[in-house]
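Enquirer: Start counting the sequence shown at 17; every next residue gets the next number (our numbering).
Built from N, CA and C at the ideal position, the CB exists for glycine as well.
In this text, all values refer to a predicted model and were calculated from it rather than measured experimentally.
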Amino acid sequence: MPETSARASAASRTSRLGLVVRSMLVALAALVLGGLTSPAQGALPDALSSFANSAGGWTLLTFAIVWAVRTPLWLSAVLGAVGFVLLVEGYRLVSEWRGYDYGEPFTGMFTIIGVLAGPIVGAAAVLVRHPNPLWRGIAIAPVAAVLIGEGIFGLTVVGDTTSPVYWTVQMVIGVALTLLVVLRPRMPVPIAALTVGLIVAGSLAFIGFFLLLGFL
């Protein structure tokens, strides 16, 4: 019994250490990728430059980082917020180093959005692997809604000042992620219909939210 207890204790310590390491990887990756988006605004071709300053782009990066580290649900939600906020801070730091004023740390609009929406994105990153198709559908809905909703917003509201190429690509990514979740393995039709409905509603809500921000 003492030997079994010692092994369990060692396994628990190893597990906790693994979670700490993966959390640090998320933080580091977010800072680096966020920092890279600042010079990317000028380095990317005009057709893709909107990626560096899009909610969809940063949502996709946050989702991908948390998805890659495979942490438990509760920690994924926390890391979603941490990752999103550090993406913003990485962008701010590099922008400041390049001579551009981006305001005080942790005070921008995208920081607030990251704190509020980051946990949803982080939880979605782990729930898309859930064996229950309902949870997979619920998980992909907010991510796809941001990608598609902002894509529509970009093509219509700010279409005169930005290239349609990136917004189209972002929408295609949103649709592709949805199809991956729905078709592999195949969802029951009612759940697939619910997933699509949530994405449509979420896309419309996103467009309405961004329109509201424009009037504030």
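Under 6 Å Cβ to Cβ from Gly106, same chain only, skipping five residues before and after it: list those, please.
Expert: Within the sequence shown, numbered from 1, the residue matching residue 106 stands at position 90. For Gly106, where only same-chain residues beyond five positions count, the Cβ hits under 6 Å are Leu47, Gly50, Gly51.
Enquirer: Just reading off the alpha helix (DSSP H) that Ala63 is part of, what are its end residues?
Expert: Residue 63 sits at position 47 when you count from the first residue of the sequence shown. Looking at the DSSP string, Ala63 is not in any alpha helix (DSSP H), and its letter there is neither H nor E.
Enquirer: Rounded to a whole number of angstroms, what is the C-alpha to C-alpha distance between Ala22 and Phe126?
Expert: Sequence index remark: in the sequence shown, residue 22 carries index 6 (1-based). Sequence index remark: in the sequence shown, residue 126 carries index 110 (1-based). Annotation note: pLDDT 48 at Ala22 (below 50); position unreliable, coordinate value reported separately. Distance from the CA atom of Ala22 to the CA atom of Phe126, rounded to whole angstroms, is 46 Å.
Enquirer: Count the other CB atoms, across all protein chains shown, that sit within 10 Å of the CB of Met187; report buried if there are 16 or more and exposed otherwise.
Expert: Position 171 of the sequence shown, counted from the start, is the residue given in the question as residue 187. By the 10 Å Cβ count, Met187 comes out buried.
Enquirer: Quick check: what's the CA-CA separation for Ala155 versus Leu64?
Expert: Within the sequence shown, residue 155 is the residue found at index 139, counting from 1. Within the sequence shown, residue 64 is the residue found at index 48, counting from 1. Taking the straight line from one Cα to the other gives about 27 Å.
Enquirer: Would you grab the beta carbon distance between Leu163 and Gly190 for me? Rounded to a whole angstrom, and I think it's under 8 Å.
Expert: Here the question's residue 163 lines up with position 147 in the sequence shown. Here the question's residue 190 lines up with position 174 in the sequence shown. A Cβ-Cβ distance of about 3 Å is found for the pair Leu163 and Gly190, placing them in contact under the 8 Å criterion.
Enquirer: Taking C-beta to C-beta, are Val254 and Arg38 nearer than 7 Å?
Expert: The requested residue 254 does not occur in the structure, where the chain is confined to residues 17 to 232.
Enquirer: Near Asp62, which residues of its chain fall below 7 Å by C-beta distance, leaving aside the five closest residues on each side in sequence?
Expert: Residue mapping note: residue 62 aligns to position 46 of the sequence shown, counting from 1. Closer than 7 Å at the Cβ level, and outside the excluded window around Asp62, lie Ser179.
Enquirer: Pairs of beta-carbons, one from the region 93 to 108 and one from the region 130 to 143, closer than 8 Å: are there three or more?
Expert: yes
Enquirer: Just to confirm before moving on: does the CB-CB distance between Gly218 and Ala157 stay below 7 Å?
Expert: Locating residue 218 in the sequence shown gives position 202, counting from the first residue. Locating residue 157 in the sequence shown gives position 141, counting from the first residue. Taking 7 Å as the Cβ cut-off, Gly218 and Ala157 qualify as a contacting pair.
Enquirer: Give a yes or no on whether the C-beta atoms belonging to Phe79 and Val205 are separated by under 7 Å.
Expert: Position 63 of the sequence shown holds residue 79. Position 189 of the sequence shown holds residue 205. No, they are not a contact pair.
Enquirer: Using beta-carbon positions only, say whether Trp183 and Leu171 come within less than 7 Å of one another.
Expert: Here residue 183 is taken as the residue at index 167 of the sequence shown, counted from 1. Here residue 171 is taken as the residue at index 155 of the sequence shown, counted from 1. Yes, the pair counts as a contact, with Cβ atoms nearer than the cut-off.
Enquirer: Measure the alpha-carbon distance for Arg200 versus Gly153 and round it to whole angstroms.
Expert: For the purposes of this step, residue 200 is identified with residue 184 of the sequence shown, where counting begins at 1. For the purposes of this step, residue 153 is identified with residue 137 of the sequence shown, where counting begins at 1. When rounded, the distance between both Cα atoms is 12 Å.
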